[in-house]
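Here our numbering runs 64 ahead of the position in the sequence shown, where the first position is 1.
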Amino acid sequence: MKMFGKCIKNSSIMIVSLICAFGLSLLFQYIFDVQEHITTVFVFAVFLISILTEGYLYGVLAAFISTVAVNYAFAFPYFALDFTPPVNLISGIVMIAIAILTSALTTKVKRHEAMKAENEKERMRANLLRAVSHDLRTPLTTIYGSGTTLLENSDLMTEAQKIKIISGIKEDAEWLVRMVENLLSITRIDSGQVKIIKTPTVLEELIDSVVLKFKKRYPKQKVEIDIPDEVIIIPMDAILIEQVIVNMLENAVQHADGMTRLILRVRTSENQAIFEIEDNGSGINPKRLDTIFTGYYTSEDEVADSQKKNAGIGLSVCATIIKAHGGNIKAENIKMGGAIFSFVLDM
């Protein structure tokens with residue numbers, strides 16, 4: 065079915081291009097009485113067809129059709145095929161050569177781009193796997209250690225100590241559930257299983273939902289909200305964008321050492337909505353700014369973050385979701401201290 069769709073698309077491009085070339089040539093010959101540019105028009109049509117279609121077939125076929133069309137309708141004797149004059153034969157050879165060379169070049173470029181995209185996917189998968197192993201290590205170790213302690217020493221513990229250990233296990237288990245949800249989201253989007261379906265979303269309702277979900281996880285963390293007073297409607301997949309904002313807020317709580325202020329800001333500029341999560345913590349290691357959304361870690365990062373969570377998967381998910389929306393995402397440090405994570409969506 066997919067192959068049939070491509071065939072229809074390529075055939076349509078070829079037919080429409082040749083009809084336009086034929087119509088323009090008729091205009092040149094019978095309205096403006098200009099004949100010397102007719103061959104050029106068809107050569108250009110063949111060139112476009114070779115670029116816009118896949119493979120060699122449609123470009124070469126268009127070259128043959130163009131050669132016959134020029135010879136039959138626009139070369140003397142009119143409405144008769146005659147390849148005796150050298151100019152007619154040369155025109156045909158030139159068009160076929162252009163079709164073959166252009167198709168070869170575009171096919172090579174497309175293959176190169178496909179290989180580049182596949183290599184990038186493989187690189188991201190490797191980084192994602194590294195991030196998974198990094199982010200799983202701490203909570204699994206904690207759960208294992210706490211469970212072992214509770215099992216072996218429960219008779220020696222007070223009720224308060226048991227509750228504290230069980231609460232820690234519950235917290236780590238909840239985080240693992242969220243990480244698995246993030247991982248499922250990023251793999252589904254990358255594999256094309258999930259298509260982004262944008263629906264008009266009221267900004268205020270989105271932010272209310274984000275704050276409600278975030279407060280359930282971090283009831284003691286205050287978040288300052290700064291959004292426009294007027295009603296703002298943004299086309300988006302609200303569930304996924306909500307996941308992005310919650311991930312960014314959670315990232316600030318987990319990694320912005322010394323943070324005393326956390327701001328969720330949304331502003332509009334022309335036809336874009338700009339979301340910003342700002343903190344006044346320790347900022348981002350400059351060495352990680354270029355790779356912070358890939359999940360890639362150096363050995364130094366792994367040592368520094370060995371007691372922290374959600375450093376890789378959460379932000380990788382954010383980048384994947386925003387790119388799938390056709391938006392941009394970035395992270396930067398603030399001169400006065402802290403960091404800003406921001407993303408832009410078209411309105």
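Glycine is no exception: its CB is placed at the ideal position from the N, C-alpha and C atoms.
Keep in mind the model is a prediction, meaning the values are calculated, not measured.
List the endpoints of the continuous alpha helix (DSSP H) containing residue i.
{"i": "V317", "result": "302-319"}
{"i": "E269", "result": "267-281"}
{"i": "F128", "result": "121-133"}
{"i": "F111", "result": "102-116"}
Give the DSSP bridge partners of residue i, in chain order.
{"i": "R329", "result": "D290, E340"}
{"i": "T263", "result": "M300"}
Check whether the Cβ atoms of residue i and residue j lie closer than 9 angstroms to each other.
{"i": "T117", "j": "S155", "result": "no"}
{"i": "L240", "j": "L215", "result": "no"}
{"i": "L326", "j": "I356", "result": "no"}
{"i": "F128", "j": "S89", "result": "no"}
{"i": "V132", "j": "L145", "result": "yes"}
{"i": "V134", "j": "I102", "result": "yes"}
{"i": "F278", "j": "E334", "result": "no"}
{"i": "P74", "j": "Y120", "result": "Residue identity differs from the one stated: residue 74 is Asn in this sequence, not Pro. Not closer than 9 angstroms, so no."}
{"i": "D410", "j": "A337", "result": "yes"}
{"i": "S114", "j": "A178", "result": "no"}
{"i": "I233", "j": "I207", "result": "yes"}
{"i": "K280", "j": "H389", "result": "no"}
{"i": "S76", "j": "A109", "result": "no"}
{"i": "I260", "j": "D301", "result": "yes"}
{"i": "D347", "j": "I296", "result": "According to the sequence shown, residue 347 is Gly rather than Asp. Their beta carbons are not under 9 angstroms apart, which means G347 does not touch I296 by this criterion."}
{"i": "I298", "j": "P264", "result": "yes"}
{"i": "L353", "j": "E396", "result": "yes"}
{"i": "V105", "j": "A85", "result": "yes"}
So residue i packs on residue j, CB below 8 angstroms; how close in whole Å?
{"i": "P292", "j": "T332", "result": "6 angstroms"}
{"i": "G391", "j": "F405", "result": "Contact doesn't hold; Cβ gap of about 13 angstroms is too wide."}
{"i": "N344", "j": "M323", "result": "6 angstroms"}
{"i": "D272", "j": "R329", "result": "Contact doesn't hold; Cβ gap of about 15 angstroms is too wide."}
{"i": "V274", "j": "E306", "result": "5 angstroms"}
{"i": "I393", "j": "A383", "result": "5 angstroms"}
{"i": "N311", "j": "V266", "result": "In fact, because the Cβ distance is near 21 angstroms, the residues do not count as touching under 8 angstroms."}
{"i": "F339", "j": "I309", "result": "7 angstroms"}
{"i": "M159", "j": "V80", "result": "In fact, because the Cβ distance is near 18 angstroms, the residues do not count as touching under 8 angstroms."}
{"i": "Q285", "j": "V317", "result": "6 angstroms"}
{"i": "T213", "j": "I229", "result": "7 angstroms"}
{"i": "L153", "j": "A126", "result": "With 8 angstroms as the limit, L153 and A126 do not qualify as a contact, their Cβ atoms being about 18 angstroms apart."}
Between which two residues does the beta strand (DSSP E) holding residue i run?
{"i": "D410", "result": "403-410"}
{"i": "N335", "result": "No beta strand (DSSP E) contains N335, which DSSP labels as neither H nor E."}
{"i": "A395", "result": "392-397"}
Could one say the Cβ of residue i lies closer than 9 angstroms to chain C's Cβ atoms, at least one of them?
{"i": "I393", "result": "Although the question refers to chain C, the structure presented lacks it and comprises just one protein chain."}
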